[in-house]
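Asker: There's a structure below that I have some questions on.
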Ligand SMILES: C[S@@+](CC[C@H](N)C(=O)[O-])C[C@H]1O[C@@H](n2cnc3c(N)ncnc32)[C@H](O)[C@@H]1O
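In the numbering used here, the protein residues as written are 7 to 310.
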């Protein structure tokens with residue numbers, strides 16, 4: 007079987023669970039060949055790494071659960087104008103330390119969302135474009151690595167030596183290493199288990215790049231982490247961040263109301279925007295300037 011049929015099979019299954027995947031499928035197919043070139047190797051890796059179709063379908067089920075979480079939580083946020091949880095401790099208990107979430111569907115859902123959610127795919131392209139600017143000898147981190155997708159993309163584009171995965175969750179580190187090794191046979195990444203709310207275990211001005219995907223909104227004090235990125239990055243180092251505005255998930259606690267607020271936050275933290283990608287979760291990108299619109303945002307930053 008070809009892996010284009012894995013994409014088709016995935017969408018066929020998702021559409022039986024959630025009709026919103028009809029629209030998603032047509033938007034992604036409309037993006038053309040690059041999408042298939044991106045999605046095929048990821049699904050092929052999942053199939054190989056999970057030893058067959060049953061594992062693939064379990065991962066699709068994980069995505070369905072994550073999608074249902076989003077729909078429920080976003081409807082709640084629209085009414086309350088806040089995220090369900092506001093403290094890291096609550097989220098740690100409900101999500102990160104909860105095997106029914108973290109082990110059952112969170113990480114696999116996140117992985118499959120890169121292929122089956124338009125905005126996550128567009129963000130992966132943004133990361134791939136950044137990866138193509140890296141030199142092989144550069145030193146960098148992916149923090150937190152989550153399911154490992156961003157590391158896999160960074161390591162597939164160029165042979166980035168001295169690339170380190172970091173996460174607080176041992177499960178995330180294990181999943182990331184498994185996925186990255188299966189995706190790219192040449193990857194030789196190291197992993198560090200750390201708490202990003204503390205001082206990072208890197209010397210000052212040591213790193214050429216840092217990738218921080220979907221994490222600032224998980225912290226009570228995201229500025230503290232941005233200060234640490236400033237400290238550990240070289241003067242000409244670059245930071246790639248992705249985040250959301252007004253977009254709920256179980257583990258989102260810090261709310262950016264708009265892309266303008268994210269830009270102000272970036273400037274306040276002493277970074278300059280080199281490139282940005284702001285996308286409406288609804289797909290209506292002409293609305294990204296309006297207040298309280300759910301957004302995905304990605305930025306490539308340098309030090310001011
Ligand atoms: C939404 S995922 C993001 C993963 C990945 N960067 C991505 O974009 O797909 C959030 C990750 O943050 C990790 N995490 C939560 N609290 C953390 C902490 N205090 N320090 C480091 N990682 C943490 C979780 O284990 C989870 O893997």
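For every residue, glycine included, the Cβ atom is placed at its ideal position computed from N, Cα and C. It should be emphasised that the depicted structure is a prediction, and the values quoted were computed from it without experimental measurement.
#1: Is it true that the CB of residue 296 sits closer than 7 Å to the CB of residue 125?
#2: In chain order, what residues of the same chain lie with their CB nearer than 6 Å to the CB of residue 118, ignoring the 5 residues before and after it?
#3: Using the Cα positions of residue 62 and residue 211, report the straight-line distance between them to the nearest angstrom.
#4: State yes or no: is the C-beta of residue 252 within less than 7 Å of the C-beta of residue 207?
#5: Is any non-hydrogen atom of ligand 1 found closer than 6 Å to the C-beta of residue 220, if you look at the structure I gave you?
#6: Between residue 32 and residue 259, how many whole angstroms is the CB-CB distance? I'm expecting something under 8 Å.
#7: For residue 111, count neighbouring Cβ atoms within 10 angstroms of its own Cβ and tell me buried if that reaches 16, exposed if not.
#8: Taking only the alpha-carbon atoms, compute the straight-line gap between residue 97 and residue 277 and give it to the nearest angstrom.
#9: Can residue 251 be considered in contact with ligand 1, in the sense that its beta carbon sits closer than 6 Å to one or more heavy atoms?
#10: Heavy atom of ligand 1 less than 6 Å from the Cβ of residue 152, yes or no?
#11: Would you grab the beta carbon distance between residue 83 and residue 254 for me? Rounded to a whole angstrom, and I think it's under 8 Å.
#12: Please classify residue 86 as buried or exposed, where buried requires at least 16 other C-beta atoms within 10 Å of its C-beta.
#13: State yes or no: is the C-beta of residue 202 nearer than 6 Å to some heavy atom of ligand 1?
Answerer: The short version:
#1: no
#2: 65, 69
#3: 41 Å
#4: no
#5: yes
#6: Not a contact, Cβ separation roughly 34 Å.
#7: buried
#8: 28 Å
#9: no
#10: yes
#11: 4 Å
#12: exposed
#13: yes
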